[in-house]
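> The sequence shown runs contiguously to residue 240 in our numbering.
Just so it is clear, CB atoms sit at the ideal spot from N, CA and C, and this is done for glycine as well.
Here the structure is a predicted model, which means the values were calculated and not measured.
Before I ask anything, let me first share the structure, which is written out below as structure tokens.
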Amino acid sequence: MNWHQLTVLHALPTVAMAGVIWFVQIVHYPLYRLVGPEQFAAYERQHCRTISFVVMPLMLAELGLAGLLWWNAPAAAGQWPLVGLLLLALLWASTFFVQVPCHNRLTLGFDRATIDHLVRTNWVRTISWTARSALAAQLVWQSTS
96 MNWHQLTVLH ALPTVAMAGV IWFVQIVHYP LYRLVGPEQF AAYERQHCRT ISFVVMPLML
156 AELGLAGLLW WNAPAAAGQW PLVGLLLLAL LWASTFFVQV PCHNRLTLGF DRATIDHLVR
216 TNWVRTISWT ARSALAAQLV WQSTS
């Protein structure tokens, strides 16, 4: 696989995750506030079960491809592949140390403070995936030159 093909392949899960996270940030998480308390725990458990089928394959693909991108980067790519990996580390840390614990608390039932914390802290992932997408697009563009 050549550098251009790798940059395109890397961009696919990154841009897909940016789309998913914007939907979650703007639509899905804020709607948590409207789910009735009596249904909330079941709703959250179902969310956790089903969202994993969408995001985990994309996140794992993105992680593997970001590593390959960094490992195989030509000098012309500069430090951008490393910056992408650092953003990815931030995303994974936020996911597993902030968002997952929030979701674990929410499986016990409706908690407005936890929902508000989830929405507020999820901006770290939203901004980071947006930045990674811009970075991925830049690398694809640069690889065609």
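Alanine 137: buried (16+ other C-beta within 10 angstroms of its C-beta) or exposed?
By one-based count along the sequence shown, residue 137 stands at place 42. The residue is exposed, with fewer than 16 neighbouring Cβ atoms inside 10 Å.
> From the DSSP output, in three-state form, read off glycine 159 for me.
Taking the first residue of the sequence shown as 1, we reach residue 159 at position 64. Glycine 159 falls in the helix class under three-state DSSP.
> When the Cα atoms are used, what is the spatial distance from glutamine 100 to leucine 126?
As a position in the sequence shown, residue 100 is number 5, starting the count at 1. As a position in the sequence shown, residue 126 is number 31, starting the count at 1. Between glutamine 100 and leucine 126, the C-alpha separation is close to 39 Å.
> What is the C-beta distance between histidine 105 and leucine 164, in whole angstroms, given that I count them as a contact (C-beta under 8 Å)?
Here residue 105 refers to the residue found at position 10 of the sequence shown. Here residue 164 refers to the residue found at position 69 of the sequence shown. Histidine 105 to leucine 164, Cβ: 5 Å. Contact.
> Could you compute how far the alpha carbon of glutamine 120 sits from the alpha carbon of alanine 172?
Numbered from its first residue, the sequence shown carries residue 120 at position 25. Numbered from its first residue, the sequence shown carries residue 172 at position 77. Those two C-alpha atoms are separated by around 31 Å.
> Need the endpoints of the alpha helix (DSSP H) that glycine 179 sits in, please.
Within the sequence shown, residue 179 is the residue found at index 84, counting from 1. Looking at the DSSP string, the run of the alpha helix (DSSP H) that includes glycine 179 is 175-189.
> Comparing alpha-carbon positions, which option in Ala184, Phe192 and Ser228 lies nearest isoleucine 116?
Counted from its first residue, the sequence shown places residue 116 at position 21. Ranking the options by Cα distance to isoleucine 116, first place goes to Ser228.
> So threonine 204 is in the alpha helix (DSSP H); what residue range does that whole segment cover?
By one-based count along the sequence shown, residue 204 stands at place 109. The sequence given here has glycine at residue 204, not threonine. Here glycine 204 belongs to no alpha helix (DSSP H), and DSSP marks it neither H nor E.
> Count the CB pairs spanning the stretch 184-193 and the stretch 211-228 that are closer than 8 Å, and state whether there are at least three.
At 8 Å Cβ cutoff, the stretches touch.
> What's the gap between the Cα of leucine 107 and the Cα of valine 193?
One-based indexing of the sequence shown puts residue 107 at position 12. One-based indexing of the sequence shown puts residue 193 at position 98. Roughly 25 Å between the two C-alpha positions.
> Could you give the distance in angstroms between the alpha-carbon of serine 189 and the alpha-carbon of glutamate 139?
If you number the sequence shown from 1, residue 189 lands on position 94. If you number the sequence shown from 1, residue 139 lands on position 44. Cα-Cα distance, rounded: 19 Å.
> Measuring straight from C-alpha to C-alpha, what distance separates alanine 161 and serine 147?
The residue you call residue 161 lines up with position 66 of the sequence shown. The residue you call residue 147 lines up with position 52 of the sequence shown. Computed Cα separation, rounded: 20 Å.
> Check proline 169 in the structure and name its three-state DSSP category.
Your numbering for residue 169 matches position 74 in the sequence shown. It is coil, neither helix nor strand.
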